[in-house]
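Visitor:
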Amino acid sequence: MILEIRELTKSFGGLKAVEEVSFKVMPGIILSVIGPNGAGKTTLFNCLTGALLPTKGKIFFEDKDITGKRPYEITEAGIARTFQNIRIFGKMSVLENVMIGQHSRSREGFVGAVLRTNGFKKEESEIKAKAYEFLEFTGIEEYAETRAENLPYGYQRRLEIARALATEPKLILLDEPAAGMNPQESIELMTLINKIREWGKTVIVIEHDMKVVMGISDKIVVLDHGVKIAEGTPKEIQSNTDVIEAYLGKGFEF
Amino acid sequence: MNALLFILYLSFLSLPFMGIKGALWLLAVAYSAYIFFLLIKKSSKAIKAVKLPHVRLDTKILYALLLVLLLALPFGLKDYYIDVFILAGIYIILALGLNVVIGFSGLLNLGFAAFYAIGAYAFALLAVKAGLGFWGALPLSLLITTISGLILSFPALRLHGDYLAIVTLGFGEIIHLTLNNWDELTNGPNGISGIPMPSLFGFEIQRLSHYYYIVFMFVLIAVFIIRGVYNSRIGRAWLALKDDEMAAEAMGINTTKYKFLALSFGALWAGLAGTLFASKMMFISPESFTFMESVFIVCMVILGGAGSITGVITGSLLLIVLPEVLREFQLYRMLALGTGLVLMMVFRPQGLIGGRK
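Protein chains in written order, with the working numbering: chain G, 1 to 254; chain X, 1001 to 1357.
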């Protein structure tokens, strides 16, 4: 079990954005979280990554309780994320963006930086080399020196994934990675997500694009109004009457 | 169109200083200059056709030349100008320190003169009252300023942007008022006098040019250290923090720790600048560390280009040296500074030598 969520609740005032949600994630799978707008998907992600403090419930990552930890501690533990509204470091180069991802995996401090010690130089070149690897993996290495904000939209999404991978996570959370992409780009993205899984990472995706969801998921969790209404394989979800009625509407067919 | 409006604005500004006649003159001169400029621009196609030989200068040679020039500077200059350059050096260190806070980490600090003051007073008190001498008091004064930076960090850590600016502004005022009113320790508005100048290996400083070299050495050390830190994972973490705090945290950066680091590392350089200032002037009083001083330092950073070390050095040099050189036009100093800043923000918001904003 890489991740276990137990009765997680997050309320904002009177509104329960996430209510008593529990599920488990086996290592090496792709799990999709779906649900209509406002179902609490991103709130769930924010609780998992420490950006929000859960009101109730527990989160276990590799059997360790990570509830209430700061985001950087959770990243250090091995969970990385991307954001729904892209949050790359726009003024920096693509390469530097990915180099920042290596922050928690590097150690050199003030003394090394000022004196340019051998240890420092070695670590810097390792960071750079690894950053290039992640850029190649996501297919944007030719833009390494470009200012990140000047990247085309689809590549900005890839950069976010590259940057998240650079934190060397075991589990990666992708928040609507296909949002705003054309069908061709979506297909490429599916290939990329599959590649990440084949590399041995566990992936949790929030996604609206049903083609993407049904195409890549091993397991799907459906949220509606903050409550988990179904969980299962794509096949099971497609034939689940609750899901079809509550979320997709009557008469919907995949 | 912008240019025409701007000339009109400039003439209007000069009205109180130059009278109606003067303002009209300025208007006429500026307009003719503008038309002349347009004509040149039109004929620039013809000028472009003339190819200039492409000269490539090795940056290393350039730096070496600059170093020699700066080392030789005191020989050709009157004491008065050496004095100006010493002051410029002190402000460069100060602005570089503030650049760490504003330019690298994006934390707007409007009370930076407070650290400058703490450095100066800590040094002065240690040197005069405890009789520690320059090299004994210097490290302690740096330590005290750094710690004061840490103390300010506590309320500042939870704040961003405008709110942080107000807190730092308040901090600056508190320090200024404390210095002014704590008579037993700081001697109040009368200040502290008799601060010693440094001696180097038993060699007493007697001439201004010697002090020039000491300041020059400290500027080099500051540039060297700040550049090193900037080009490392620490510098990258600061840039990330400035760009997007939430994303930075998600990248595994402990944003609290790096804010601490930025504020106290910046304060350290203010402490050094304060120490150098105190021992250069041999006398300090709260008057030197007002809110205007903080604003002036912010101007240096913004004008030169926040985030760029070369830019900040240029900005400080311009703001110190130009007013001294143009002493005759002293009346217009603040006007020119104001107009210059307005122009910069409109046409070149990233500063003269833009960093990454």
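Even for Gly, the Cβ is constructed at its ideal location relative to N, Cα and C.
1) Following a CB-centred definition, is G/LYS122 positioned closer than 7 Å to any heavy atom of the ligand GTP?
2) Where does the unbroken alpha helix (DSSP H) through G/ILE187 begin, and where does it stop?
3) What whole-angstrom Cβ distance do X/ALA1267 and X/SER1105 have, given they're in contact under 8 Å?
4) Just checking: is the beta-carbon of X/LYS1357 within a distance shorter than 8 Å of some beta-carbon in chain G?
5) Using a Cβ cut-off of 8 Å (strictly closer), state whether G/PHE89 contacts chain X.
6) Would the stretch 212-221 of chain G count as touching the stretch 28-37 of chain G if we require 3 or more Cβ pairs under 8 Å?
7) Cβ of G/GLU76 less than 8 Å from any chain X Cβ?
8) So X/ALA1137 is in the alpha helix (DSSP H); what residue range does that whole segment cover?
9) Along the stretch 1331-1346 of chain X, where does the CB come closer than 7 Å to a CB of chain G? Name the residues.
10) Less than 8 Å separating the beta-carbons of G/THR75 and G/SER104?
11) Check the DSSP bridge columns for X/ARG1207 and list the partner residues they point to.
12) Taking 8 Å as the threshold (beta carbon to beta carbon), is X/MET1281 in contact with chain G?
13) Run through the DSSP bridge pairs and tell me what G/PHE61 is partnered with.
14) Residues in its own chain within less than 6 Å of G/LEU192 by CB, not counting five upstream and five downstream?
15) Is it buried or exposed, X/TYR1121, if we count other Cβ atoms within 10 angstroms and call 16 or more buried?
16) If we count Cβ pairs, one from each stretch, closer than 8 Å, do we get three or more for the stretch 1222-1236 of chain X versus the stretch 1080-1088 of chain X?
17) Mind the definition here: the stretch 1292-1302 of chain X touches the stretch 1312-1328 of chain X only if three or more C-beta pairs lie below 8 Å; say whether that holds.
18) Given this structure, state the Cα-to-Cα distance separating X/ILE1253 from X/PRO1286, to the nearest angstrom.
19) Does any CB atom of chain G fall closer than 8 Å to the CB of X/ASP1083?
20) Using the Cα positions of G/ASN118 and X/ALA1117, report the straight-line distance between them to the nearest angstrom.
21) Does G/THR117 get closer than 8 Å to chain X when you measure Cβ to Cβ?
22) Any idea what DSSP makes of G/THR49, helix, strand or coil?
23) Thinking C-alpha only, which one of G/VAL25, G/ALA80 and G/ALA39 is nearest G/ALA166?
24) Pick out whichever of G/ASN194, G/ILE100 and G/PRO36 has its Cα sitting closest to the Cα of G/HIS208.
25) Take G/GLU133 as the anchor and find which of G/GLU236, G/ILE237 and G/GLN102 has the nearest alpha-carbon.
26) For G/ALA39, would you say it is in contact with chain X, using Cβ-to-Cβ distances shorter than 8 Å as the test?
27) What residues of chain G sit near X/ASN1254, judged by a beta carbon separation below 7 Å?
28) Going along chain G, which residues have a C-beta under 8 Å from X/SER1232?
29) Span of the beta strand (DSSP E) holding G/LYS16?
30) Report the rounded CA-to-CA distance for G/LEU53 versus X/GLU1245, giving the unit in angstroms.
31) Which partner residues of G/VAL227 appear in the DSSP bridge assignment?
32) Is the Cβ of G/GLU4 closer than 8 Å to any Cβ of chain X?
33) Count the other CB atoms within 10 Å of the CB of X/ARG1236; is the residue buried (16 or more) or exposed (fewer)?
34) Given that a residue counts as buried once 16 or more other Cβ atoms are within 10 Å of its Cβ, and exposed if not, what is G/GLU149?
35) Give me the Cα-Cα distance between X/LEU1072 and X/PRO1139, rounded to the nearest whole angstrom.
36) Excluding sequence positions up to five away, which residues of its chain have a Cβ less than 6 Å from the Cβ of X/LEU1341?
Guide: In terms of the structure at hand:
1) Ligands are entirely absent from the displayed structure, and the ligand GTP is therefore not among its contents.
2) Annotation for G/ILE187: the continuous alpha helix (DSSP H) segment containing it runs 183-198.
3) Wrong, their Cβ atoms sit about 13 Å apart, outside the cutoff.
4) Note on X/LYS1357: pLDDT 42, under 50, position unreliable in the model; the coordinate value appears next. By this cut-off, X/LYS1357 is an interface position.
5) G/PHE89 belongs to the set of residues whose beta carbon lies under 8 Å from a beta carbon in chain X.
6) Taking a cut-off of 8 Å for Cβ pairs, the stretch 212-221 of chain G and the stretch 28-37 of chain G touch, as three or more such pairs fall below it.
7) At a cut-off of 8 Å between beta-carbon atoms, G/GLU76 makes contact with chain X.
8) According to the DSSP assignment, X/ALA1137 belongs to the alpha helix (DSSP H) that extends over 1134-1156.
9) Against chain G - using a Cβ distance shorter than 7 Å - the stretch 1331-1346 of chain X contributes no residues.
10) Yes. Within cutoff.
11) Per DSSP, none; premise fails for X/ARG1207.
12) Chain G has no Cβ within less than 8 Å of the Cβ of X/MET1281.
13) DSSP output for G/PHE61 lists G/LEU3 and G/LYS64 as bridge partner(s).
14) Counting only Cβ-Cβ distances below 6 Å, and skipping sequence neighbours, we find nothing.
15) Result: buried.
16) Flag = no, the stretch 1222-1236 of chain X and the stretch 1080-1088 of chain X do not touch.
17) Counting C-beta pairs with one atom in each stretch, the stretch 1292-1302 of chain X and the stretch 1312-1328 of chain X have three or more that are closer than 8 Å, which means they touch.
18) C-alpha separation (whole angstroms): 39 Å.
19) No, X/ASP1083 does not count as interfacial toward chain G.
20) If you take the alpha carbons of G/ASN118 and X/ALA1117, they lie about 38 Å apart.
21) With a threshold of 8 Å between beta carbons, G/THR117 makes no contact with chain X.
22) In this structure, G/THR49 counts as coil in the three-state DSSP scheme.
23) For the set G/VAL25, G/ALA80 and G/ALA39, the Cα lying nearest the Cα of G/ALA166 is the one of G/ALA80.
24) Comparing Cα positions, the closest option is G/PRO36.
25) Nearest option by C-alpha distance: G/GLN102.
26) Look at G/ALA39: its C-beta is not under 8 Å from any C-beta on chain X.
27) Around X/ASN1254, the beta-carbon contacts reaching into chain G at under 7 Å are TYR72.
28) Neighbours of X/SER1232 on chain G, chain order: GLU108, GLY112, ALA113, PHE120 and GLU124.
29) Looking at the DSSP string, the run of the beta strand (DSSP E) that includes G/LYS16 is 15-25.
30) Approximately 17 Å between the Cα atoms of the pair.
31) According to DSSP, which records beta bridges pairwise, G/VAL227 is partnered with G/ASP224.
32) No, its Cβ sits nowhere closer than 8 Å to a Cβ of chain X.
33) Classification for X/ARG1236: buried.
34) Burial state of G/GLU149 is exposed, judged by a 10 Å Cβ sphere holding fewer than 16 other Cβ atoms.
35) Leu is not the amino acid found at residue 1072 of chain X; the sequence shown has Ala there. When the Cα atoms are used, X/ALA1072 and X/PRO1139 turn out to be separated by approximately 29 Å.
36) Counting only Cβ-Cβ distances below 6 Å, and skipping sequence neighbours, we find nothing.
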